[in-house]
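Enquirer:
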Amino acid sequence: RKQGGRYEVSIPFKDENPKFVDNRRAAEDRLLKKKNKFIKNKNYFKEYDSIMRKNIQEGYAEEVPLSKLCGEKGRVNYLTHNSVKHPQKSLHVVYNAAEKFGGYCFNDYVRACPDLLEKIVGVLIRFREGKVGVTADIRSFFNRVFVPQAQRDLLRYVWFKDEEMDQIQHFRMSCHFLDPLQHRRRR
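Going by our numbering, the first residue of the sequence shown is number 45, and it counts up by one from there.
1) Look at the alpha carbon of residue 86 and the alpha carbon of residue 148, and state the distance between them as a whole number of angstroms.
2) Residue 217 lies in the beta strand (DSSP E); which residues open and close that run?
3) Contact between the stretch 67-85 and the stretch 119-134: three or more CB pairs below 8 angstroms?
4) From the DSSP output, which residues share a beta bridge with residue 126?
5) Taking the alpha-carbon of residue 134 as reference, which of 106, 94 and 101 has the nearest alpha-carbon?
6) Express the C-alpha separation of residue 188 and residue 51 in angstroms, rounding to a whole number.
7) For residue 154, which beta-bridge partners are listed by DSSP?
8) Excluding five sequence neighbours on each side, which residues of the same chain lie with their C-beta closer than 6 angstroms to the C-beta of residue 142?
9) Which one of 77, 196 and 53 has the shortest CA to CA distance from residue 204?
10) Classify residue 211: buried if its beta carbon has 16 or more other beta carbons within 10 angstroms, exposed otherwise.
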């Protein structure tokens, strides 16, 4: 459904009200382990930090208000994040929905969906049918699809307040961070 000119789609959970284990401390510890790497390579930190701050500026993420930091028991989940760098591309930050905590990961709670993407052979054959072919690449496609307010605390993450890296802030994704179940598609 459309909200304020943007599409909003619920996360397709297996259970309507999944209960998550409190993994806040694990997410904070994971971030603090990255700190030494960031200290050794300031350019790496600047690039990573730039991406994290851009997510907030673009409206893809929002800071968790201090009054809501504890959240409702069982309705808060933290995702860890890592960087991925291809030699010929810029750095990307990816959120790990497959990391287990207390025996479960975020992906365990989400339904697997059928693969709705077109197979390349069919696309190429149809492309030749008409006189004109049109293609498009939507930048940050999954970031354009927002998550309902009631589910945003399930997409929390932590990041540093500033380049000093001595304070941690809590954020939550306001949009789908990526197709979390692309590895579990039915083929």
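Quick reminder that beta carbons are idealized off the backbone N, C-alpha and C, glycines included.
Expert: In short, the structure shows the following:
1) 34 angstroms
2) 212-217
3) yes
4) 138
5) 94
6) 7 angstroms
7) 57
8) 149 and 151
9) 77
10) exposed
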